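All remarks here apply to the structure that follows.
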Amino acid sequence: MADKLTTDIGGDPAGPIPLEGRDQLFWEKQMIAAFNLLQVKGVVVTDEFRRTVEEMPADYYAGSTFYGRRLDGMVRLLIEKGVIDADAFEARVREILESGTRDHV
Amino acid sequence: MSTHDHNHDHDDHAPTREDDDLELTEGEARFLALKSLLIEGGVMTADEIRARMEFNERGSPHQAARMIARAWLDPDYKARMLADTKAAAAELGIEATEAALVTIENTPERHNMVVCTLCSCYPRSLLGEPPAFYVSKAYRSRAVREPRKVLREFGVEIPDAVDIAVHDSNADLRYVIMPMRPAGTEGLNEEELAALIARDSVVGCALPVAPA
Amino acid sequence: MRSKHEYGKYSNPERVIMSETTPSYAVGDRVRILDIGKPGHVRTPTYVRHKIGTIERFCGMFENPEDKAYGRWGLPPIPLYRVQLKQGDIWPDYDGGPGDVLEIEIYDHWLAPAGEATR
Numbered sequence: 004m005a006d007k008l009t010t011d012i013g014g015d016p017a018g019p020i021p022l023e024g025r026d027q028l029f030w031e032k033q034m035i036a037a038f039n040l041l042q043v044k045g046v047v048v049t050d051e052f053r054r055t056v057e058e059m060p061a062d063y064y065a066g067s068t069f070y071g072r073r074l075d076g077m078v079r080l081l082i083e084k085g086v087i088d089a090d091a092f093e094a095r096v097r098e099i100l101e102s103g104t105r106d107h108v
Numbered sequence: 003m004s005t006h007d008h009n010h011d012h013d014d015h016a017p018t019r020e021d022d023d024l025e026l027t028e029g030e031a032r033f034l035a036l037k038s039l040l041i042e043g044g045v046m047t048a049d050e051i052r053a054r055m056e057f058n059e060r061g062s063p064h065q066a067a068r069m070i071a072r073a074w075l076d077p078d079y080k081a082r083m084l085a086d087t088k089a090a091a092a093e094l095g096i097e098a099t100e101a102a103l104v105t106i107e108n109t110p111e112r113h114n115m116v117v118c119t120l121c122s123c124y125p126r127s128l129l130g131e132p133p134a135f136y137v138s139k140a141y142r143s144r145a146v147r148e149p150r151k152v153l154r155e156f157g158v159e160i161p162d163a164v165d166i167a168v169h170d171s172n173a174d175l176r177y178v179i180m181p182m183r184p185a186g187t188e189g190l191n192e193e194e195l196a197a198l199i200a201r202d203s204v205v206g207c208a209l210p211v212a213p214a
Numbered sequence: 249m250r251s252k253h254e255y256g257k258y259s260n261p262e263r264v265i266m267s268e269t270t271p272s273y274a275v276g277d278r279v280r281i282l283d284i285g286k287p288g289h290v291r292t293p294t295y296v297r298h299k300i301g302t303i304e305r306f307c308g309m310f311e312n313p314e315d316k317a318y319g320r321w322g323l324p325p326i327p328l329y330r331v332q333l334k335q336g337d338i339w340p341d342y343d344g345g346p347g348d349v350l351e352i353e354i355y356d357h358w359l360a361p362a363g364e365a366t367r
């Protein structure tokens, strides 16, 4: 039997269902829209994205959030495909964090 | 709007920037970095992102509610919705992007609920983005093993005489649960009925109730 | 590194494919869900592997997600079924009703007629 995927949690013991929610943040809506565009344009395929999430280390997955996984999975996949450059991405993140504003884009 | 607020999910507003006063987080900064690189690289434009956000905003629980209310009132529409959910959505002007949508009908003998144990598959064209509970590891883990206990946490008690069918949305189909029309709603029109059909009831984690 | 001009080699988002292929199983057939031991991206959760159920419906032909996850086309399309299992057959200690069921989508190559040796 192949190792169980980190995402394969059906039937596992778990705590109470979180009934509280919150509105999506603006950047989260933008991120979902950008993700959808990548799918529609054929840049990424849903199963490729799922695979990048499955390849995340188990302890990362266990502590991750839905939107966090979506973003990190997108970034990993786009770097893998050569659509974005890993160094350019990290440099841009630092630049934006240092400025502390949303004015870049 | 809380995730569990059953009758308050019909917002249909365009994208807004209501959280502009929040401090920039690392997560948002990482997204903004990605977005700027995608735009600079010519993969997509800011206008395309904006247009897609507006398109996504159309996917809200109100869409599924409209279809189910119509089905409650019109047996022919109900038959068409059960036979071909995408075509039935198109009849009401709803553009479903899912490859295949399936409607499962609750009956006095069987209650249905949906979970995606592997990720977060969800009929977004008809329900919008999934709520926090649906994407939670707790729901994904437990819904297939102890559905009655899970439903009790939502305040839903299914009698022992009623079977429960759990649908793992694990591959290519996306599921819409058609709840039973509650007693005491005989005089209501389509719009009034649609207002009773909350998001969670279309996932099978709530039951519509007649207005007091 | 792949160039951006190669985007077209990736197939579209999920879609149903019309095909003349006859599905191997009919509604009502008893089937065993296999564990084919395939590493990497698969859509058959472990909790249903080795379990026996009944074909509830044929869903159509779909591109194979196990290939699409690695940049391949996922062609030819493969049959997908919904399999209904009794909860008591999945979880020996299930504490709901005896009529409670689980329904799940399973691709053809993860199924065998019930009664065949398990893999």
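Residue numbers (this note's numbering), protein chains in the order written: chain A, 4 to 108; chain B, 3 to 214; chain C, 249 to 367. From the three backbone atoms N, C-alpha and C, an ideal C-beta is built for every residue, glycine too. Bear in mind that the values here come from a model prediction, so they are computed numbers and not experimental data.
If you look at valine 211 (chain B), you'll find it isn't in any beta strand (DSSP E); DSSP assigns it neither H nor E. The shortest CA-to-CA distance from leucine 81 (chain A) to any of A:Gln42, A:Gly14, A:Leu100 is the one to A:Gln42. Neighbours of aspartate 165 (chain B) across chain C, judged by C-beta separation under 8 Å: Gly345, Gly347, Asp348, Val349. Secondary structure at valine 296 (chain C): helix, using DSSP grouped into helix, strand and coil. Here leucine 24 (chain B) is exposed. Its C-beta has fewer than 16 other C-beta atoms within 10 Å. One Cα belongs to leucine 350 (chain C), the other to tyrosine 63 (chain A), and the distance between them is close to 30 Å. Counting the other CB atoms within 10 Å of its CB gives glutamate 28 (chain B) a total below 16, which places it among the exposed residues. If you compare the alpha carbons of B:Glu30, B:Pro213, B:Pro181 with that of threonine 104 (chain A), the shortest gap goes to B:Glu30. For the pair arginine 52 (chain B) and alanine 37 (chain A), the Cα-to-Cα distance works out to about 9 Å. CA-CA distance, leucine 36 (chain B) to alanine 163 (chain B), rounds to 53 Å. Each residue's CA atom was taken as its position, placing alanine 73 (chain B) and leucine 84 (chain B) some 9 Å apart.
For the 8 Å CB-CB criterion, threonine 187 (chain B) and alanine 212 (chain B) form a contact. Shown here for leucine 359 (chain C): same chain residues with a beta carbon closer than 6 Å to its own, the five before and five after excluded, namely Val279 in chain order.
Burial is judged here by how many other beta carbons sit within 10 angstroms of a residue's own beta carbon; glutamate 101 (chain A) has fewer than 16 and is exposed. Within a 10 Å sphere around the beta-carbon of arginine 330 (chain C) sit 16 or more other beta-carbons, which makes this residue buried.
Under the DSSP definition of a beta bridge, isoleucine 281 (chain C) partners with C:Leu359. The three-state reading of DSSP puts leucine 328 (chain C) in strand, counting E and B together. Distance from the CA atom of isoleucine 303 (chain C) to the CA atom of valine 168 (chain B), rounded to whole angstroms, is 15 Å. Listed along chain C are Pro293, Thr294, each with a C-beta nearer than 7 Å to that of aspartate 11 (chain A). Per DSSP, arginine 25 (chain A) is not a residue of any beta strand (DSSP E), being assigned neither H nor E. Scanning chain C for C-beta atoms nearer than 7 Å to the C-beta of proline 63 (chain B) yields nothing, as the closest lies near 22 Å away. Look at the region 122–143 of chain B: the residues with a C-beta under 7 Å from a C-beta of chain A are Ser122, Glu131, Pro133, Ala134, Phe135, Val137, Ser138, Lys139, Ala140, Tyr141, Arg142, Ser143. Inter-residue distance for valine 45 (chain B) and alanine 140 (chain B) is about 36 Å (C-alpha atoms, whole angstroms).
Apart from sequence neighbours up to five positions away, the residues of its chain that approach threonine 10 (chain A) with a beta-carbon distance below 8 Å are Arg53, Val56, Glu57, Tyr64, ordered along the chain. In chain B, no part has a C-beta under 8 Å from the C-beta of alanine 61 (chain A); the shortest such distance is about 12 Å. At a cut-off of 8 Å between beta carbons, glycine 336 (chain C) makes no contact with chain A. Interface residue (Cβ-Cβ distance to chain C less than 8 Å): lysine 32 (chain A) is not classified as such. Aspartate 88 (chain A) and isoleucine 41 (chain B) have their C-alpha atoms roughly 14 Å apart. For the C-beta of leucine 328 (chain C), the chain B residues within less than 7 Å are, from N- to C-terminus, Ala173, Asp174. The DSSP assignment places complete alpha helix (DSSP H) segments of no fewer than 4 residues inside the region 7–69 of chain A at 29–43, 49–57, 61–66, in order along the chain. The three-state secondary structure of glycine 336 (chain C), taken from DSSP, is helix. The residues Ala71, Arg72, Leu75, in chain order, have a CB closer than 7 Å to that of glutamate 192 (chain B) in the same chain once the five nearest residues on each side in sequence are set aside.
Interface flag for isoleucine 82 (chain A) against chain B is unset, since no Cβ pair is found closer than 8 Å.
When 8 Å is used as the limit between beta carbons, glycine 43 (chain B) is near these residues of chain A: Val86, Ile87, in chain order. A check of alpha carbon separations from glutamate 97 (chain B) across B:Ala66, B:Phe135, B:Pro133 identifies B:Ala66 as the nearest.
Alanine 208 (chain B) and valine 158 (chain B) do touch by the CB rule: their CB atoms are close to 6 Å apart, below 8 Å.
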